[in-house]
Amino acid sequence: MKKLLLAIIIIQLVMVPVLVAQRGPHKPKRGGCVSCLMGLFFGPRAGFQYNEGVGIRTIEWIEFGLWFVALGWIPRIIQLADVFGGKTWTEIEIKERLRDPDFVDWHKYMVEKYK
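In terms of this note's numbering, the sequence shown opens at residue 2 and continues consecutively.
Encoded structure:
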């Protein structure tokens, strides 16, 4: 009986990684409390983009901290200057390294899968 259990455990330890590796990249688990709090404190855009693997910008953290002393409009003006200048979100993601690499692999996999 012990040999049978040992054989089953060994087979599981070998087969599970092999089967998982054949699936391809998977979407990182997102959602839940963390993305909900991101949306609550930083706005719905931040919550939705956190679910896609995008982090919070440093300027947004500064803005969040300054709202408590009623100076939150300063970082907002800085961000709006970027918007006015035509900066895209992709440029910001690349410059500030906000994109989660796990999501990039999953996204490429899904694009290729549904071509």
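Beta carbons are placed, not taken as given, at the ideal position from N, Cα and C, and that holds for glycine.
1. If you pair each beta-carbon of the segment 53-64 with each one of the segment 83-99, do three or more pairs fall below 8 Å?
2. Given GLY48, which residues of its chain have a CB within under 6 Å of its CB, disregarding the five upstream and five downstream residues?
3. Do ILE60 and PRO45 have their C-beta atoms closer together than 8 Å?
4. Going by DSSP, what residues sit across from VAL55 in a beta bridge?
5. State the start and end residues of the unbroken alpha helix (DSSP H) segment that holds GLY40.
6. If distances are taken between C-alpha atoms only, which option among VAL70, VAL15, GLU64 and ILE12 comes closest to LEU81?
7. Quick one: measure Cβ to Cβ for GLY66 and ASN52, integer angstroms, because I've assumed they're closer than 8 Å.
8. Count the other C-beta atoms from every protein chain shown that fall within 10 angstroms of the C-beta of GLN13, then say buried if there are 16 or more, exposed otherwise.
9. Could you tell me the distance, in whole angstroms, from the CA atom of LEU7 to the CA atom of PRO18?
Taking the coordinates as given:
1. yes
2. Within the sequence shown, the letter at position 47 stands for residue 48. If we look at GLY48 and ignore the five residues flanking it on each side, its Cβ neighbours are SER36, MET39 and GLY40.
3. For the purposes of this step, residue 60 is identified with residue 59 of the sequence shown, where counting begins at 1. For the purposes of this step, residue 45 is identified with residue 44 of the sequence shown, where counting begins at 1. No, the pair does not count as a contact, with Cβ atoms beyond the cut-off.
4. As a working mapping, residue 55 is identified with position 54 in the sequence shown. VAL55 is bridged to ARG100.
5. Here residue 40 corresponds to residue number 39 of the sequence shown, with the count starting at 1. 34-43 is the span of the alpha helix (DSSP H), which, as asked, contains GLY40.
6. Numbered from its first residue, the sequence shown carries residue 81 at position 80. Selected option, being the one with the closest Cα: GLU64.
7. The count along the sequence shown starts at 1 and reaches residue 66 at position 65. The count along the sequence shown starts at 1 and reaches residue 52 at position 51. About 24 Å; that fails the 8 Å criterion.
8. By 1-based counting over the sequence shown, the position of residue 13 is 12. Answer is exposed; the Cβ neighbour count stays below 16.
9. Locating residue 7 in the sequence shown gives position 6, counting from the first residue. Locating residue 18 in the sequence shown gives position 17, counting from the first residue. Approximately 18 Å between the Cα atoms of the pair.
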